[in-house]
Structures are given as structure tokens and as C-alpha cells.
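Chemist: Protein chains in written order, with UniProt numbering: chain F, 1 to 232; chain R, 1 to 232. Where is the CB? At the ideal position from N, CA and C, for every residue including glycine. As the structure is a computational prediction, the values presented were derived from the model and not from experiment. Attaching a single structure in C-alpha cells format; questions to follow.
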DNA sequence: TTTTTCTCTTGATATTTATCAAGCCTAAAG
DNA sequence: CTTTAGGCTTGATAAATATCAAGAGAAAAA
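Right under this line is the structure:
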């Protein structure tokens, strides 16, 4: 694994404060790999041999059951995924596939657990990260159970807008097909939902979204920090 | 806080291996309280001042948005709840109310965080618990997104049956009203779903459930360890 | 005990969401 | 450049789920 990647990985919250030699120990056992698009990195149910870090590209976390499939999350650089399985040494609950050409670091789970045991700062960082992940999924469950699909889409758009620094116009970062799955609906319904949001000043053309009436949309979406603020 | 409760609390995975004086430090700041039924212990959005431990009775974790409410989980003795909020020192994401007369231990969140910093075994236990919680919510999200309400009910019954050591007949532990909310449907629909499971040999009378055709029900429900096994 | 309250159930209906089929459009492949 | 494949949209229809209304039954209160 080339040392050139070390600084960007080191900057992740997870690795920030840990002892340098522990970090190096982790990196020693790790390796980088380049994947083409649409490659399945992880199959749910497999033993969790590696902690994954996305350096570039993007990865879809999804799950299947009874020939149905649903998108659970999209992982973007630079961040890790599958931490909980790594820590518990339990099988992966979600599958993962690259959405585009991606560079991924694989850190052996054993090493992560070993360093966890001897580096209290790293342990603390893992706890924070896990708590964060847990709270994110709880929020997403609330979103699913308390809102209709139209409301979920409206709030999704507002969250994306926040990510785009509040600009009235921004691009969707994932294709609509997968956005539909992520929001728990069919692609057909997503199309209709976009049309339904016309009434609240939402214009969509391809991947371009324009929110022409912020107030109206917010009054309809009723965003709540306890569901939509993924930073806390 | 009476010492008589120490042993049962000490036996929780979370407190098992930690140093005795650290455990005592935690207990020193804690206090027990008895609550009548239907008391709201926690209001989502409040700062997380205490880690809660249910000694007896039961607690419903629920969330609200836009005058809608949904039940997220039921906490039974002996276990803790609201660990993630405590650790992150972030606002509670769920509200909590007693379902029956309950005895609850309140451990100041500050103390938990302080002991976390100095007791590596406790830190490890917290990580394991958080990872467990995270994985449980992921499973529940998969359940919601991949299954119809009839399938969710069928799998719920199979899980409850497992809890009842596989007996063909067992009791529902929560009222149907809340079960419906937990499963993400209306009470009316739950009634109809129970009737829909007649076809697979499920008989319900009051809180009594009888699974007369295990094979049929399982073939319909298609339970999966990656969704339904909450122990891993 | 009687009364009252609330859960549970059922039927009728409305709404939401999914499915199916077809055509459009874009982008990749030849 | 043309062709082809696949995502996206639309309309028609079907299925799933929610809502409303009413009544039965059980538990709590008087």
C-alpha cells in the first residue's frame, strides 16, 4: 500500500488521534485495490474479514431478501464502512458494490480489533463512529415509518440542498433508480413523486433540481433535526 | 440506590468485566426510581443526561413526527437503553414511556463517559453493545423495506416463537395496538394480517398464538438470520 | 355489580403504492 | 454515424394499506 494515501486516511475521524505506530501497524496489513464499476465487493452473510475505506469513487450498500433488493446507503470518499461487523466479528448484514470506478482500502478486521485493544484513543473514536452510525439508522427508520414517500423525497431534497450549501439549484448525486430504492419506493413512483412536488416549487430536469419556493417546500416537508440532521 | 440491585445490574454484558471500583463509582451516582404505567421518561430531543436501566416492568421506545407516532422498540428487564445518546452526549432520538409499573435505574451520562475513559473493559463492552444495537436497527430497516406487512407479521411471530423456546403456542408480549405500530401498520390492518395468516396455520385468540403448521408458516415467512436473528 | 373506557375487530371506502406495458430519451457500443 | 441498451417517464390497472364508522368484548373505574 503506497504511503501517499496515508495522510488522507489519517484525517478520518476514526484514525485522527491514534498513536502513529498503531496507525502504521494498521496500514502495514492493509492494501489498496482499484475496482471497475458494478463490482460486488461484499456479499451479505459473508464473514467480515476487512474494514473498508473508500478513497475515490462510490459504493452502494444494499440488501436483498426473497429476490427483492433495497439500497441502504451510499458511501463516498473518504469514509469507512462495515465497521460494526468488523468489531463484532460477525457476518456482514449488507452487500456492497461499486457504483463507479473506485479505489478501496482493505484493512484486515483482526488488525482493527487488535489495535482497538491497545489504543484507547482509537477505541474512543470507534465508539463515536458506531454511535453515529447507530443514530443515523434510527433516523432513517423514523423517516421510513413516519413519512409517506412524498414526504421522504421532499426531505431528502432538502438534505441534499443543505449538502450543496443551501443553493437553490443542485445536482442529484445518485441515479433516480437507486434513489427510489433508497427512499423505499419504485422508480415509477419516484417519477410521480417529483411531479407531486411541483406543487411546492420543485423543478427537476435530469439530475438538476431547482427549489424555487423554499418556504413552501419546507412547510410541506417539515424537516426535523431528529430525523434529517445526520451530523448529530 | 440500594445495594440489593447491584448483582443483577452487574450481570449485564455492559458491566460484566469492568473493575469493581469503577462499577461502584457508577452506582454511587445512580438512583432507582419506580414509575407508574404510561409515564413519559424521555422526550425525544432532550439532552441525554442519564443512561437508563430497566430492572422491572417494561418501556416503550417511540418516536413522533407531525402528529404521527411510531413504536420503535420495547425494552424489557434487565437491559439498558439510550446508550448511544449517552456516549455521544447528543439529544435523545426516541422518546420513552413506561408500559407498566416499572423500576428504572438512572446513571448520570457524565459518569458513564468518565468511566468509559479509564476502564478499557467497560469501553470494550460499550463498543460491543453499540455494534449490537446498530446491527439490530439495520435488520429492522431491512425488515421494513424488503417485506410486506403480512411478511413482517409472520416473521415477527416466528421470532417470538423462538423466544418462547419454539413452543407451538405462546403469548404475545405487547398489546396488538403497539405491535401494529412496531410493525409499521395500523391496528385494523394487523387484525386483517392475523386473519391472512390463517392460511398458513396461525390461530390467534386474544394474546394466545398457536402455530399449527410450522412448515407452511416458515415457507411463507422465509425467515433469514440476516434479518431475524437479533443475537448476532 | 354496574358503568365506563378502551382495545380489538369488521365492513365499506379511499388513498397510497406497486405492477405492467409502452414509448421516449440518453448514453454507451459498434 | 448508427445501433442498441438501459434508465426514465407516463398511463392504465391492480394490490396493499389507511381511514372512517360501527359494534363487540374485555378491562378498569365507579
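With 16 as the cutoff for other CB atoms within 10 Å, does residue 198 of chain R come out buried or exposed?
Modeler: The residue in question, residue 198 of chain R, is exposed, as its Cβ has fewer than 16 Cβ neighbours within 10 Å.
Chemist: Closer than 8 Å between beta carbons: that is the criterion. Which residues of the stretch 129–140 of chain R meet it against chain F?
Modeler: Flagged, chain order: 130, 131, 132, 133, 134, 135, 137, 138, 139 and 140.
Chemist: What separation, rounded to the nearest whole angstrom, lies between the Cα atoms of residue 175 of chain F and residue 96 of chain R?
Modeler: Answer to the nearest angstrom: the Cα atoms are 38 Å apart.
Chemist: State the CB to CB distance for the pair residue 51 of chain R and residue 127 of chain R, rounded to an integer number of angstroms; the pair is presumed to be in contact (CB under 8 Å).
Modeler: Actually they are not in contact, since the Cβ atoms of residue 51 of chain R and residue 127 of chain R sit about 15 Å apart, beyond 8 Å.
Chemist: Which residues in chain F have a C-beta closer than 8 Å to the C-beta of residue 127 of chain R? List them in chain order.
Modeler: What residue 127 of chain R touches in chain F: 87, 116, 123, 126, 127 and 130.
Chemist: Report all residues from its chain with a CB closer than 8 Å to the CB of residue 177 of chain R; omit the five preceding and five following residues, and keep chain order.
Modeler: So the qualifying residues of the chain are 187.
Chemist: Are the Cβ atoms of residue 151 of chain F and residue 209 of chain F separated by less than 9 Å?
Modeler: For residue 151 of chain F and residue 209 of chain F, no; Cβs fall outside 9 Å.
Chemist: Three Cβ pairs or more, each shorter than 8 Å: is that satisfied between the stretch 82–94 of chain R and the stretch 213–224 of chain F?
Modeler: Result no; under three Cβ-Cβ pairs closer than 8 Å.
Chemist: Please state the DSSP three-state secondary structure of residue 203 of chain R.
Modeler: Residue 203 of chain R: strand per DSSP, three-state reduction.
Chemist: Count the other CB atoms, across all protein chains shown, that sit within 10 Å of the CB of residue 147 of chain R; report buried if there are 16 or more and exposed otherwise.
Modeler: Looking at its Cβ environment, which holds 16 or more other Cβ atoms inside 10 Å, residue 147 of chain R is buried.
Chemist: Who are the near neighbours of residue 255 of chain R in its chain, counting only those whose CB is closer than 8 Å to its CB and skipping five residues on each side?
Modeler: No information on residue 255 of chain R is available, as it lies outside the stretch 1 to 232 that chain R covers here.
Chemist: Closest Cβ-Cβ distance between residue 90 of chain R and chain F: below 9 Å?
Modeler: Chain F, which has a Cβ nearer than 9 Å to the Cβ of residue 90 of chain R, makes this yes.
Chemist: Residue 44 of chain R to residue 63 of chain R, Cα distance in whole Å?
Modeler: The straight-line gap from Cα to Cα measures roughly 7 Å.
Chemist: Give me the residue from R:56, R:111 and R:179 with the minimum Cα distance to residue 149 of chain R.
Modeler: Measuring from the Cα of residue 149 of chain R, the nearest candidate turns out to be R:179.
Chemist: Determine, using beta-carbon pairs with one atom in the stretch 223–232 of chain F and one in the stretch 128–147 of chain F, whether at least three such pairs fall under 8 Å.
Modeler: Contact between the stretch 223–232 of chain F and the stretch 128–147 of chain F is present, because at least three Cβ pairs lie under 8 Å.
Chemist: Got a sec: which bits of the UniProt domain "HTH crp-type" (147–215) of chain R sit with their beta carbon under 9 Å from any beta carbon on chain F, in order along the chain?
Modeler: Answer in chain order: 147, 151, 181 and 184.
Chemist: Quick check: what's the CA-CA separation for residue 235 of chain R versus residue 28 of chain R?
Modeler: Any answer about residue 235 of chain R is impossible in this case: the structure gives chain R only from 1 up to 232.
Chemist: Suppose the cutoff is 6 Å on Cβ atoms and the five residues either side in sequence are ignored; what does the same chain contact list for residue 76 of chain R look like?
Modeler: Contacts found: 58.
Chemist: Let me confirm a value: residue 267 of chain R is counted as buried when at least 16 other C-beta atoms fall within 10 Å, else exposed. Which label applies?
Modeler: Outside the displayed range of chain R (1 to 232) lies residue 267 of chain R, so it cannot be described from this structure.
Chemist: Return the CA-CA distance between residue 33 of chain R and residue 49 of chain R, expressed in angstroms with no decimal places.
Modeler: One C-alpha to the other measures close to 15 Å.
Chemist: For residue 44 of chain R and chain F, any beta-carbon pair shorter than 9 Å?
Modeler: It does: the Cβ of residue 44 of chain R has a partner Cβ on chain F nearer than 9 Å.
Chemist: Mind checking which residues open and close the beta strand (DSSP E) that includes residue 72 of chain F?
Modeler: Taken as a continuous stretch (DSSP letters only), the beta strand (DSSP E) holding residue 72 of chain F covers 68–75.
Chemist: Kindly list the residues whose CB is nearer than 8 Å to the CB of residue 116 of chain F, restricted to its own chain and excluding five residues on each side of it in sequence; keep chain order.
Modeler: Excluding positions up to five away in sequence, the list reads 87, 122, 123 and 126.
Chemist: Could you give the DSSP three-state label for residue 155 of chain R: helix, strand or coil?
Modeler: Three-state DSSP puts residue 155 of chain R in a helix.
Chemist: Report yes if the C-beta distance between residue 93 of chain R and residue 159 of chain F is below 9 Å; otherwise report no.
Modeler: It is not a contact, given that the beta carbons lie outside the stated cut-off.
Chemist: Under 7 Å Cβ-Cβ, which residues of chain F neighbour residue 227 of chain R?
Modeler: The answer, in chain order, is 65.
Chemist: What do you get for residue 24 of chain F, buried or exposed, if any count of 16 or more other CB atoms within 10 angstroms of its CB means buried?
Modeler: By the neighbour-count rule (16 or more Cβ atoms within 10 Å), residue 24 of chain F is not buried but exposed.
Chemist: With 9 Å as the threshold, decide whether the Cβ of residue 101 of chain F is near any Cβ in chain R.
Modeler: Taking Cβ atoms only, chain R never reaches closer than 9 Å to residue 101 of chain F, which makes this a no.
Chemist: Report buried or exposed for residue 181 of chain R, applying the criterion of at least 16 other Cβ atoms within 10 angstroms of its Cβ.
Modeler: Its Cβ being crowded by 16 or more others within 10 Å, residue 181 of chain R is buried.
Chemist: Go to residue 96 of chain R, then tell me how far its alpha helix (DSSP H) extends in each direction, as first and last residue.
Modeler: First-last for residue 96 of chain R: 95–98, but that is the beta strand (DSSP E), not the alpha helix (DSSP H).
Chemist: With a threshold of 9 Å between beta carbons, is residue 47 of chain R in contact with chain F?
Modeler: No - not a single Cβ of chain F is within 9 Å of the one on residue 47 of chain R.
Chemist: Decide if residue 139 of chain R is buried, meaning its Cβ has at least 16 other Cβ atoms within 10 Å, or exposed.
Modeler: So residue 139 of chain R ends up on the buried side.
Chemist: In the stretch 34–60 of chain R, which residue ranges form an unbroken alpha helix (DSSP H) of at least 4 residues, counting only runs that do not cross its ends?
Modeler: You should have found no qualifying run.
Chemist: Alpha helix (DSSP H) containing residue 145 of chain R: first to last residue?
Modeler: Here the alpha helix (DSSP H) through residue 145 of chain R covers 120–146.
Chemist: Can the beta-carbon of residue 54 of chain R be found closer than 9 Å to that of residue 4 of chain R?
Modeler: Cβ atoms of residue 54 of chain R and residue 4 of chain R: not closer than 9 Å.
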